[in-house]
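By numbering that gives the first Met the number 0, the letter at position 3 of the sequence shown is numbered 2, and the numbering carries on one by one without gaps. Only one structure is covered here, and it is reproduced in the block below.
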Amino acid sequence: MSTAMIFVGLILSTILATASNSWLLAWLCLELNTLSILPFISKTKHPRAIEAATKYFLTQATASCLLLLAGTSNAWLTGTWDMTQMSNKLTSTTMLIALTMKMGTVPTHFWLPEVLQGSTLLTALLISTWQKIAPMSLLFIMSNNIQPTFTLTLGLLSTTFGGWGGMNQTQLRKMMAYSSIANMGWTVITLTHEPKASMINIFTYIILTTPTFLLMALTSTKTLQNMTTMWSTSPLATTTMALLLLSTAGLPPLTGFLPKLIIMNELVTQNLTPLATMTMMTSLLTLSFYLRTTYLTTLLNPPSSATSATKWRQKMIKNKTMILLPTATTSTFMMPALIP
Numbered sequence: 000m001s002t003a004m005i006f007v008g009l010i011l012s013t014i015l016a017t018a019s020n021s022w023l024l025a026w027l028c029l030e031l032n033t034l035s036i037l038p039f040i041s042k043t044k045h046p047r048a049i050e051a052a053t054k055y056f057l058t059q060a061t062a063s064c065l066l067l068l069a070g071t072s073n074a075w076l077t078g079t080w081d082m083t084q085m086s087n088k089l090t091s092t093t094m095l096i097a098l099t100m101k102m103g104t105v106p107t108h109f110w111l112p113e114v115l116q117g118s119t120l121l122t123a124l125l126i127s128t129w130q131k132i133a134p135m136s137l138l139f140i141m142s143n144n145i146q147p148t149f150t151l152t153l154g155l156l157s158t159t160f161g162g163w164g165g166m167n168q169t170q171l172r173k174m175m176a177y178s179s180i181a182n183m184g185w186t187v188i189t190l191t192h193e194p195k196a197s198m199i200n201i202f203t204y205i206i207l208t209t210p211t212f213l214l215m216a217l218t219s220t221k222t223l224q225n226m227t228t229m230w231s232t233s234p235l236a237t238t239t240m241a242l243l244l245l246s247t248a249g250l251p252p253l254t255g256f257l258p259k260l261i262i263m264n265e266l267v268t269q270n271l272t273p274l275a276t277m278t279m280m281t282s283l284l285t286l287s288f289y290l291r292t293t294y295l296t297t298l299l300n301p302p303s304s305a306t307s308a309t310k311w312r313q314k315m316i317k318n319k320t321m322i323l324l325p326t327a328t329t330s331t332f333m334m335p336a337l338i339p
């Protein structure tokens, strides 16, 4: 019963934050959102989980302090808590830093890999997807008052550090964390020029990441070594995982390529061709570790000797969560239908 109440609080706080028009109400909802996710992170009672919950709380508390500082300063300067009245450059930049810290973009991204690694796969799914909706909605509201140079710099740095950070990772949760950082870079880079493209990108990422984490949870896959034995457990799940990873990497003609194409088109339209070229080059870093993971998943046969240790897994057909996967995975192949 307590878990259900906490989960309801998590959902309601996000909905209220996205629907609010006042910075004070948004701050209150984001605080409730942070307090609701902490029991899920520390539920396993493991020292690593407690450490992850502590790091998450300290980071989110710092971001909330910056958000409240920016909102209070803006209310003092303009006389209103309205989100659309962010004409001061200092307050809008401080608010941008606070919201990007909550989502995990460079340079305030260091907490995300450690928190995901210390959490369970389903909790990592919540942090990577649901927890980004409220801050992104607030950024969308104030997008016309944000300094373009600042968002372009944050976006390019996030795609670069996200790609480099995930190169040598053997833990899948850390790899997905750096992938999230890189994807947030794609989202932020076009926030001031075409905020609708940013929303398309973040929701496409959420749609693709959800079945990926669900498949990892259903097959008890946490490392690259586990991925090599996934084929013998469920060939269908392995094929689905490979397509999801390639789509998240932005490989055409899968769905993940569509928002990147829209963002590149917008950057070129704004005469930012050099920046668009650098961003595309950094996306190759993300593609490289996704291709490595896909190779280990589908093209590498696991050892069949009696001395090789294989982690026990439950039969996937008995898990009711598998019902959600066909619907979520179908979105991976929908890109041809979306292009006019």
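No residue lacks a Cβ here, since even glycine has one placed at the ideal position from N, Cα and C.
C-alpha gap between residue i and residue j, whole angstroms
i           : j           : result
residue 315 : residue 217 : Its pLDDT being 49, under 50, residue 315 is placed unreliably by the model, and the measurement read from it follows with that caveat. Answer to the nearest angstrom: the Cα atoms are 7 Å apart.
residue 279 : residue 246 : 16 Å
residue 43  : residue 117 : 10 Å
residue 241 : residue 208 : 12 Å
residue 250 : residue 259 : 10 Å
residue 263 : residue 256 : 11 Å
residue 180 : residue 215 : 20 Å
residue 68  : residue 198 : 26 Å
residue 187 : residue 153 : 7 Å
residue 145 : residue 231 : 50 Å
residue 46  : residue 143 : 43 Å
residue 71  : residue 196 : 30 Å
residue 298 : residue 277 : 31 Å
residue 121 : residue 220 : 12 Å
residue 94  : residue 88  : 10 Å
residue 84  : residue 288 : 42 Å
residue 55  : residue 281 : 27 Å
residue 24  : residue 200 : 26 Å
Same chain, Cβ closer than 8 Å to residue i, five either side skipped, listed in chain order
i           : result
residue 235 : none
residue 169 : 222, 223, 224
residue 26  : 63, 66, 67, 70
residue 269 : 192
residue 237 : 229, 230, 296, 297
Cβ-based neighbour list, residue i, same chain, cut-off 7 Å, excluding 5 preceding and 5 following
i           : result
residue 35  : 5, 8, 9, 12
residue 52  : 37, 40, 41
residue 340 : Because residue 340 is not part of the residues shown, which for the chain are 0 to 339, the question remains open.
residue 178 : 161, 165, 247, 285
residue 17  : 132, 133, 136
residue 80  : 21, 22, 23, 70, 74
Beta-carbon contacts of residue i that lie in its chain and below 6 Å, excluding the five residues immediately before and after
i           : result
residue 305 : Because the pLDDT at residue 305 is just 45, under 50, the model does not fix this residue reliably, and the value given afterwards should be weighed accordingly. Counting only Cβ-Cβ distances below 6 Å, and skipping sequence neighbours, we find nothing.
residue 160 : 105
residue 2   : none
residue 111 : 103, 176
residue 49  : 41
residue 173 : 112, 116
residue 283 : none
residue 90  : 69, 72, 73
residue 194 : 139, 142
residue 58  : 110
Which residues DSSP lists as bridging residue i, in chain order
i           : result
residue 21  : 81
residue 222 : 170
Exposed unless 16 or more other CB atoms sit within 10 angstroms - verdict on residue i
i           : result
residue 267 : exposed
residue 252 : exposed
residue 101 : buried
residue 19  : buried
residue 123 : buried
residue 22  : buried
residue 350 : Because the chain in this structure spans residues 0 to 339, residue 350 falls outside the shown range and cannot be described.
residue 86  : exposed
Practice prompt. Identify every run of the alpha helix (DSSP H) within the segment 254 to 304, keeping only runs that are complete inside it and at least 4 residues long; order them along the chain.
Written response: 256 to 268, 272 to 293
Worksheet item: Taking only runs of the alpha helix (DSSP H) that begin and end inside the segment 78 to 131, which ones reach a length of at least 4 residues, in chain order?
Response: 88 to 102, 110 to 117, 120 to 127
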